[in-house]
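Right, one structure below, let's go through it.
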């Protein structure tokens with residue numbers, strides 16, 4: 001091994017090449033893939049010691065609350081805040097017409113992210129928008145009371161809630177400040193995706209069908225609400241912020257107040273009450289934070305704001321919209337062409353085209369898809385576990401329809417059309433071979449395991465054909481997709497061997513969302529360096545150093561996994577070099593090496609011990625090794641007394657990973673890993689109630705590092721998926737545009753009693769784009785399972801319901817009962 | 001929550017005296033699970049000036065049989081009723097209703113009287129910051145008529161003006177079906193006469209009147225009862241429709257029947273037409289089905305709640321059948 | 001001088017009387033049998049075995065008192081409407097929602113929070129960690145506290161009883177399948193420890 005920088009770079013590039021199979025596989029896994037490593041966060045969370053931003057209290061802290069617009073589209077003509085300001089305990093009233101608030105550019109822009117509307121606008125474009133004024137007081141209760149004293153003359157404007165209606169050129173403008181010539185928002189590069197020639201594809205088809213389906217608003221419901229605290233320490237801000245990607249706000253904040261150097265900004269990123277992407281994708285938390293920063297400056301006091309539960313309901317998942325689909329297919333089941341248009345509600349990134357998945361994981365040669373993001377007077381829709389919702393929903397609806405039209409087993413239809421980028425499996429298999437992967441048929445493996453577990457062959461039947469002894473109709477559904485692959489992104493990691501006891505600290509930005517990623521990084525580092533798992537600890541950097549891509553949740557393994565693995569490999573080399581070189585080199589010379597007369601290649605590390613490969617009896621624990629290099633730390637009394645010190649070069653390594661990943665439109669890597677899901681339902685035909693009696697999830701995760709964590713994403717995603725499909729819906733009053741159910745009584749998320757058992761199966765083909773051939777599993781199941789309810793219900797009742805959520809009224813209507 | 005005065009009452013007289021002084025400006029607090037939600041969201045036009053805590057009144061939490069009659073103290077929490085062997089064996093409809101109310105935590109906090117006196121859940125009425133000044137707040141109109149009325153009345157609005165908000169109690173229909181009486185600080189009322197639709201009010205209680213006891217008569221020989229609830233979720237939710245039935249058989253014929261639906265109308269809805277159908281008959285699927293149809297024969301569903309008619313019909317049928325063990 | 005001194009306000013309910021005699025009469029009539037009033041808004045309560053005497057405002061919820069004022073931040077607020085179980089505390093042996101209970105009504109109560117349960121080394125904590133009965137962890141204390149109350153009442157609950165007891169606790173990460181496993185494991189350990 002050489003430490004020459006150029007060689008290192010070459011080696012790094014080789015190791016990080018996720019377009020090909022793993023070139024330096026580990027010989028054995030001691031911690032990776034082993035069931036049940038103890039959660040690092042477990043004790044803190046179970047015992048209530050884990051702190052979240054909601055819990056933060058700073059001495060002298062004031063509380064800020066915001067005015068909500070009562071109208072979906074309205075402008076403030078006149079606002080009197082005098083009474084509010086005079087209420088005892090009110091310390092500041094910040095107004096929309098304050099010269100400092102009004103600067104739109106204040107919030108700044110971060111590359112790749114869409115700009116927000118200005119904080120505290122004077123115009124509301126949805127009911128509930130935080131507009132007009134913010135009151136800061138000694139308590140939240142006082143701030144709330146003061147808000148009610150603000151008197152406003154509003155100019156109400158016409159509003160729209162339905163995306164198809166709003167796309168009519170004659171429709172009133174829903175956001176004239178931003179979209180001056182119609183409500184069709186995106187006319188950018190991304191709204192259309194075309195492969196082949198759909199006209200040709202339809203002409204060649206034995207049959208062409210057209211249909212429409214829709215999904216109403218549903219949202220993340222993060223248990224911890226958006227919140228933050230701003231405190232000035234001189235000209236250095238100290239911030240506590242609930243945010244999944246806390247490095248982005250930090251970069252944004254550095255542009256405020258004429259520029260604050262990054263190294264003067266301290267952001268504490270504590271544990272996060274999950275947000276599933278959600279509002280962290282937009283700047284909802286930054287407008288309030290800007291207001292808190294301003295008021296903190298003006299009052300000289302720390303300022304905290306917490307959204308109330310209802311305020312967290314504005315905005316939602318980007319599958320909201322109306323989908324129009326046309327499909328051509330042959331009698332043998334081969335799909336020849338798909339054309340799909342999605343009228344998407346307020347999508348911030350209208351790039352996740354309804355036909356995107358069909359390109360990624362089918363043989364379908366002719367595809368055309370459009371995302372029309374239409375602005376209506378509701379909140380933004382953003383990736384919410386996850387952006388793949390529109391394409392996987394479309395895929396599920398298409399495959400189930402075609403299978404039904406042909407009277408074909410949907411699993412057969414899936415296998416028939418499985419492929420990538422319009423090519424069949426022979427082509428895909430050749431790609432696997434070319435890239436050094438073993439050639440395995442992921443979908444086949446998934447469906448075989450799933451079919452056996454689910455007893456599919458005994459369960460599947462013609463639609464509407466099985467009535468159970470309890471009087472309900474029985475139905476089963478199947479769907480599939482490629483594994484989730486938002487592998488684009490970058491992350492950085494460092495690992496340091498501590499002095500005194502030789503344990504390893506993993507250093508990177510913390511923003512825990514609960515997927516036990518920290519443990520998983522430790523498993524990787526332990527196996528790569530040769531440490532016992534208990535000697536590795538993730539030590540999150542609260543001040544947002546060592547950025548992790550989407551610090552928790554999305555790309556833990558597929559981006560950050562690379563970075564931690566590479567840092568571990570570099571560190572191992574460094575330890576072995578250090579063990580063979582002089583232990584402490586000072587002006588007076590150096591100590592004997594720990595392993596004299598050996599070279600790094602002669603050594604290895606196992607169970608936190610360095611040993612000579614040819615004579616494993618010659619070994620030294622890392623603890624002893626660092627101890628001989630400076631137990632007493634940097635206080636070099638020995639040297640002062642004329643004895644040579646034992647102080648050595650720090651054992652520290654950092655690395656990073658940049659990944660264009662599967663989103664790379666130029667040189668994409670075909671998707672090799674698949675997932676398959678099975679659902680059984682019973683439908684009460686008299687009440688329209690759906691009982692989800694069991695679910696089977698099969699995910700080809702490539703390589704499971706942390707099994708319990710993977711399974712947690714499977715059953716967790718399934719339950720959330722059923723909840724979304726069956727209950728979840730943000731309801732707006734059609735007459736006034738006011739949200740009606742922004743609370744957890746009326747917006748329903750599944751309880752422990754609402755679902756039968758979920759079986760979880762992991763397949764490991766090693767063909768993923770992450771280290772060890774893994775893929776990320778966190779966003780798969782919660783994204784694919786919602787759509788699966790439609791096939792299962794269709795199989796039960798024999799009638800299509802094309803409008804999510806599938807509620808009792810829709811079942812009864814479909815059955816002709818009402 | 002804004003500030004308010006808070007008084008602990010240590011006797012019924014003290015509570016009545018406090019309420020008398022403040023009138024409509026005070027609210028009774030017992031379990032608090034309904035009231036505090038309203039106050040947090042500031043849904044009412046007037047914020048209460050004072051709360052009168054009646055949990056401090058001793059001796060109002062009990063379940064006892066007194067000469068065959070079931071007596072339940074007003075402050076008895078729902079979980080105690082749900083788990084009471086006495087109630088479960090003789091008045092199963094009430095035990096089942098208590099058991100299906102809200103969530104386990106709420107059942108450990110919420111009282112039987114509170115479940116009867118609770119306010120409506122209409123999502124216009126309950127919207128934050130008194131967003132909709134509707135009829136129930138002495139305002140101009142019912143917003144549900146032209147709005148989203150998927151959870152509103154299928155039996156028309158109130159007499160006084162057209163409020164379509166349903167009564168959300170699970171125990172109310174059970175008590176009406178069981179022919180219970182409600183004893184207050186001033187009088188004893190039939191459960192069926194207890195409910196009333198007025199601005200910021202769901203019962204006939206006067207401002208200074210409090211419920212003290214629920215009395216359920218001993219079931220006649222051959223009597224069974226059952227309660228069924230339909231909600232989207234198995235826990236936490238208020239009912240979309242619920243139904244309680246009490247049937248007395250003589251031989252195999254129905255000698256008496258009381259059937260009450262709730263969450264379908266502005267007050268609990270006694271399904272008298274269904275009772276008539278089953279009277280004197282031997283109960284089977286067809287008779288129960290017929291009764292279900294009769295129960296909703298007067299239904300006038302709105303744009304978004306036709307499904308509730310089908311569910312109400314089904315629950316009437318099934319609760320009758322449940323009484324005879326089917 | 002306070003001009004209101006002649007108002008003779010009733011210390012229990014604030015009723016204004018015109019004379020001392022009238023006040024006496026009023027107190028006798030309306031508040032018969034009551035002891036001397038405590039200082040306004042002052043309550044005494046036990047939290048995790050420690051006694052507190054503290055003045056509270058009427059509009060403080062128990063959650064606010066414990067979380068914000070006593071600084072026991074283990075209890076989490078999720079829905080703020082009594083619909084999620086996240087803020088559960090054990091009050092006089094019952095699992096109740098601290099966001100829907102006024103602190104001023106908790107005088108004399110014995111309260112247990114997740115911190116107290118953890119400090120006692122309750123086996124539930126380890127069982128929750130072992131079984132991944134948590135993801136983001138925000139709702140976890142509410143589950144632990146509700147489960148503890150269940151085990152107090154039923155030391156050996158069936159899976160069905162556990163699900164029924166926890167049906168009011170929402171977990172957005174949907175860790176539901178793990179909770180009955182964790183609670184059963186803890187119950188098993190408690191049983192073994194008794195033997």
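Residue numbers (this note's numbering), protein chains in the order written: chain D, 1 to 818; chain B, 1 to 326; chain R, 1 to 195. C-beta atoms are modelled at their ideal positions from N, C-alpha and C, and glycine is treated no differently. No experiment lies behind these values; they were computed from the predicted model shown.
On the CB-based measure, 16 or more other CB atoms within 10 Å of its CB, does residue i come out buried or exposed?
i: residue 151/D; result: exposed
i: residue 622/D; result: buried
i: residue 51/R; result: exposed
i: residue 28/R; result: exposed
i: residue 1/D; result: Here residue 1/D scores only 40 on pLDDT, less than 50, and its place in the model should not be relied on; the value that follows carries that caveat. It is exposed - the Cβ of residue 1/D has fewer than 16 other Cβ atoms within 10 Å.
i: residue 163/B; result: buried
Just to confirm, are residue i and residue j a CB contact at a threshold of 8 Å?
i: residue 167/D; j: residue 374/D; result: yes
i: residue 36/B; j: residue 54/B; result: no
i: residue 371/D; j: residue 347/D; result: yes
i: residue 787/D; j: residue 397/D; result: yes
i: residue 481/D; j: residue 395/D; result: yes
i: residue 256/D; j: residue 303/D; result: no
i: residue 529/D; j: residue 568/D; result: yes
i: residue 690/D; j: residue 683/D; result: yes
i: residue 770/D; j: residue 614/D; result: no
i: residue 626/D; j: residue 497/D; result: yes
i: residue 54/D; j: residue 135/R; result: no
i: residue 509/D; j: residue 541/D; result: yes
i: residue 296/B; j: residue 286/B; result: no
Which same chain residues, not among the five before or five after residue i, have their C-beta less than 6 Å away from its C-beta?
i: residue 51/D; result: 270
i: residue 3/R; result: Any answer about residue 3/R is weak, because its pLDDT of 47 lies below 50 and its placement is not dependable; what the coordinates show is given next. Closer than 6 Å at the Cβ level, and outside the excluded window around residue 3/R, lies no residue.
i: residue 196/R; result: Here chain R comprises residues numbered 1 to 195, so residue 196/R is not present and cannot be evaluated.
Which residues of chain B have a Cβ atom closer than 9 Å to the Cβ of residue i, listed in chain order?
i: residue 377/D; result: Chain B residues near residue 377/D: none, gap ~16 Å exceeds 9 Å.
i: residue 89/R; result: Those within 9 Å of residue 89/R in chain B number zero; the least Cβ separation is about 10 Å.
Using a Cβ cut-off of 7 Å, pull out every chain R residue sitting near residue i, in sequence order please.
i: residue 108/B; result: 94, 95, 96
i: residue 305/B; result: Correct list: empty, because the minimum Cβ distance to chain R is about 23 Å.
So what does residue i bridge to, in DSSP terms?
i: residue 606/D; result: 609/D
i: residue 46/R; result: 51/R, 110/R
i: residue 508/D; result: 540/D
i: residue 65/D; result: 135/D
i: residue 239/D; result: 230/D, 267/D
i: residue 89/R; result: 96/R
i: residue 339/D; result: 326/D, 368/D
Quick one: list the residues of chain D neighbouring residue i, beta-carbon separation under 7 Å, in chain order.
i: residue 86/R; result: 223
i: residue 235/B; result: 751, 753
In chain order, what residues of the same chain lie with their CB nearer than 8 Å to the CB of residue i, ignoring the 5 residues before and after it?
i: residue 365/D; result: 195, 196, 201, 336, 337, 422
i: residue 162/R; result: 147, 150, 179, 180, 183, 184
Got a sec? Which residues, its chain only, sit under 7 Å from residue i by beta carbon, not counting five neighbours each side?
i: residue 46/D; result: none
i: residue 228/B; result: 242, 243, 315, 318, 319, 322
For a contact meaning CB atoms closer than 8 Å, what does residue i contact in chain D?
i: residue 80/R; result: 308, 309
In chain B, which residues lie with their C-beta within 8 Å of the C-beta of residue i?
i: residue 58/R; result: 3, 4, 5, 6, 51
i: residue 72/D; result: Here the premise fails: no neighbours, minimum Cβ distance about 12 Å.
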